[in-house]
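Report on the structure given below.
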Amino acid sequence: MKRKRKIMLFDQPYEYCLSDCDGTLVGSNLELAKETQKAIKKYQRMSGYRFGLITGRHPLANLKLAHELNVQLPIVACNGAVVMDLKLKQVLFAESIKNALALKFFDDAIKLGLEVTVYSPTQMLTTIHNQRIKTWVTYQKKVKKKYRWDIILFANNAELRAAIASEQFAVVEFILRTSGQQETSIQKLFTKYAKLTQNVQSLPHLYNVTAIGVNKLFGMQKWAEIVKTDYKKIITFGDNYNDLEMISQVEQGIAVGNAVEALKQVAFKVIEPMSENGVGLELERMIKAKE
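Residue numbers (our numbering): 197 to 487.
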């Protein structure tokens, strides 16, 4: 008697999924819940590894998370400015801010007293006094060496500016941290550079600045070209303002329950919050629908 060939579920058309990280998959402790990890790894097995990451983080800050989730696909990082193969640590695409513009923007940000972190595709660069970078320095101390990346600290902003001017690296993103008193000033800065840069708020008093036209939708479109798929068919998950374009411009853009209201308004669907394993539960429902 002939035994029937077992049909694997990935013989059926499983969708590509791209998920934001912070606030969508992990909380402020940067740790992944076990039930979320289990559900995503199951989707990886069943789909043929069609789950990936799209994040405002620096690409290499995702090394541990990508390993935990068995991500085989390239990731989109720096709010769409970089597409990277994390397995090879190879930059597949990067859209940088032109050096002359980067210097002018940096000078104006420093004049306002803003705390500035610079992202290149493979490095974080800032001063030793930067408070935001301490989160990542502390994080690196907790993880294995293979999950660490270059964080370059300068004595002051003048040395950091000189490093930008040297053009030894490409600036793909600025991270700006404000105090409550600087909110009006930073909006004036964004107005001044509105035709030259793209900005979005990612956390209270924290803003991400990329080249004009660069956002997660832009990065996802580049990713889709590399993977050879229709970006509109990608299922996306997010929680914040920097997810608006990618959630609203695909057929199934999904907001977790803890998302900002503006994202919920444009989402195809609102699921359980991150704290209740929203993405994991949705993936389980997707798997069940294929059975």
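The beta-carbon is built from N, C-alpha and C at its ideal position, and this holds for glycine as well.
Contact between G252 and N438 holds, since their C-beta atoms are separated by about 5 Å, short of 8 Å. Under the DSSP assignment, I293 falls outside any alpha helix (DSSP H); it carries neither an H nor an E label. Assigned with DSSP and collapsed to three states, Q286 falls in strand. Taking the C-beta atoms as reference points, A407 is found nearer than 8 Å to A277. Our two residues, Y427 and G309, have alpha carbons roughly 39 Å apart in a direct line. Straight through space, the alpha carbons of P400 and F365 are spaced by roughly 29 Å.
Rounded to the nearest whole angstrom, the C-alpha separation of T220 and I360 is 32 Å.
With at least 16 other beta carbons inside 10 angstroms of its own, P255 counts as buried.
Following the DSSP letters along the chain, one finds M416 inside the alpha helix (DSSP H) bounded by residues 412-423.
Under the DSSP assignment, E379 falls in the alpha helix (DSSP H) whose first and last residues are 379-388.
Comparing C-alpha distances from A458 to each of C213, Q397, T322, R246 shows the shortest one belongs to Q397. Per DSSP, N395 is one residue of the beta strand (DSSP E) stretching across 393-399. Sequence-distant partners of W345 (beyond 5 residues in either direction) whose C-beta falls short of 6 Å from its own C-beta, in its chain, are L256.
Secondary structure of N404 (DSSP, three-state): strand. When DSSP states are grouped into helix, strand and coil, F365 belongs to the coil group.
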